[in-house]
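Structure record follows, encoded as structure tokens.
Numbering (mature numbering (1 follows the signal peptide of the UniProt record, and there is no 0)), first residue to last: -23 to -1, 1 to 430.
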């Protein structure tokens, strides 16, 4: 059974000032019968056997895609499956139980929020789940559709799919490749319309394998370069490519180095890459691109290796171990956010709400620390939301792009925790399975589109 409980703000415990973080979180983010045999001559979501809403009344609450935790001893259970559940936030119920072919390593949202991408890295595939909510332009109006979620027969394939970045309606999925035998890294670029029709927009194969990243900016693609024979699989520079039909042509390799490159993020005019000695910033001015380095401050221990942000801000949050740095892409500066004081708590997950109003960190003691972005990241409150933490399956966060609501998994309690960051009210939803990865799907106006990376 699935029940919903409401917890007033008075029950949320306010704390003084201890917060926490982690560095690289690539999980950034199953059915009894998998839906096969979608006709590639039709939109994969437009099965005529499905009912769909012909009005404009589809809820903006959306749906959560949640994988069930899969433990090693589950493999000895004859009834073991890799379950994926779809929870409808308007009807407050599980509306579908699907299955992935293998254990999901990363769960991502498509650039238009219609599809979930289920990376199965060790199996070299990414399954595509249609969440069943989408919008089409009918000329004089935008038409909303609603149908049952389904796992598509169409899959993305490549060696070791890992990093994924979305920007302005397009996404780039980076495949690391492998060294022995040599299987080079590659990139697939696609939109929601591409996925709906069982295709990708364009692809690029790089010379050798690497643990890299790619950022698509319209007809341009920024991606990583690694020298053959280097001691690490991490790249050292950034390259620019230009799309020509279904492939890309090389434009330039930026002179500015980025040793041990890891992590990237794009906002309106800038793309940032994490380097061992700072952050490489690539500014786009029309069809021209300019690279420069934002050097690590002397007090920065380690290096920034992942990012979080919002498309409407010029600041980007960078993570260097447990340290949090606010990077001003326009002015090329970094400033530390003292989020945990003298505490030794660590970050489990972090996010920016859909409005770009709040930045949150969930720490290893189950406290959610809420900061107000537009008032200099001032501390708003701390809420004790999760009692027990399983280090092998820590809580995950998903964001509703329409508002200031976030969703947290509580694997030990088998719950979803819904937090309104504006009012700081908390709602708890009981589940009959242990949640693992999670992402939000639904209808989003293009102007509201943003992704955390």
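Backbone N, C-alpha and C fix where the C-beta goes; we use that ideal spot for every residue, glycine too.
- Nearest Cα to residue 103 within the set 420, 347, 79, 387: 79.
- Within a 10 Å sphere around the beta-carbon of residue 184 sit fewer than 16 other beta-carbons, which makes this residue exposed.
- When beta bridges are read from the DSSP output, residue 86 appears opposite 93.
- Pairing residue 368 with residue 342 gives a Cβ-Cβ distance that is not under 8 Å.
- By the Cβ rule, the region 277 to 291 counts as touching the region 237 to 253, because three or more pairs are nearer than 8 Å.
- Taking the C-beta atoms as reference points, residue 73 is found nearer than 8 Å to residue 125.
- Under a 10 Å Cβ-count criterion, residue 81 is classified as buried, with 16 or more other Cβ atoms of the shown protein chains found around its own Cβ.
- Inter-residue distance for residue 116 and residue 300 is about 48 Å (C-alpha atoms, whole angstroms).
- Shown here, residue 78 sits in coil according to DSSP, grouped into three states, outside any helix or strand.
- Contact annotation: residue 259 and residue 215 have beta-carbon atoms nearer than 8 Å.
- Counted as a single uninterrupted DSSP element, the beta strand (DSSP E) harbouring residue 198 occupies residues 197 to 202.
- Partner residues in a beta bridge of residue 208, as assigned by DSSP, do not exist.
- Residue state for residue 365 is assigned as coil, using DSSP reduced to three classes.
- In its chain, beyond the 5 residues on either side, 217, 218, 219 have a beta carbon closer than 7 Å to the beta carbon of residue 228.
- The beta carbon of residue 90 sits closer than 6 Å to the beta carbons of 418, 419, 421 from its chain, once the five residues preceding and following it are set aside; these are given in chain order.
- Beyond the five residues adjoining it in sequence on each side, residue 62 comes within less than 6 Å, by CB distance, of 43, 71, 74 in the same chain, given in chain order.
- Between residue 328 and the set 207, 297, 129, 378, the nearest pair of CA atoms involves 378.
- Under a 10 Å Cβ-count criterion, residue 158 is classified as exposed, with fewer than 16 other Cβ atoms of the shown protein chains found around its own Cβ.
- By the 16-neighbour rule on beta-carbons within 10 angstroms, residue 223 is exposed.
- In this chain, the alpha helix (DSSP H) harbouring residue 170 covers 169 to 173.
- Closest in C-alpha terms to residue 387, from the list 347, 356, 339, comes 339.
- Here residue 240 has 251, 282, 283, 284 as same chain residues with Cβ atoms under 6 Å from its own Cβ, once five neighbours each way along the sequence are excluded.
- Per DSSP, the beta-bridge partners of residue 138 are 152.
- The straight-line gap separating the alpha-carbon atoms of residue 168 and residue 176 is approximately 9 Å.
- In terms of Cα proximity to residue 200, the closest of 225, 178, 207 is 225.
- As a beta-bridge residue in DSSP terms, residue 294 pairs with 285, 303.
- Sixteen is the threshold: since fewer than 16 other Cβ atoms of the shown chains lie within 10 Å of the Cβ of residue 319, the residue is exposed.
- Note on residue 310: under 16 other CB atoms within 10 angstroms of its CB, so exposed under the neighbour-count rule.
- Residue range 214 to 221 is occupied by the beta strand (DSSP E) that includes residue 219.
- Assigned with DSSP and collapsed to three states, residue 99 falls in helix.
- Under the 10 Å beta carbon count, residue 128 is surrounded by 16 or more other beta carbons and is classified as buried.
- For residue 160 against residue 136, the beta-carbon gap comes to about 5 Å, under 8 Å, which counts as contact.
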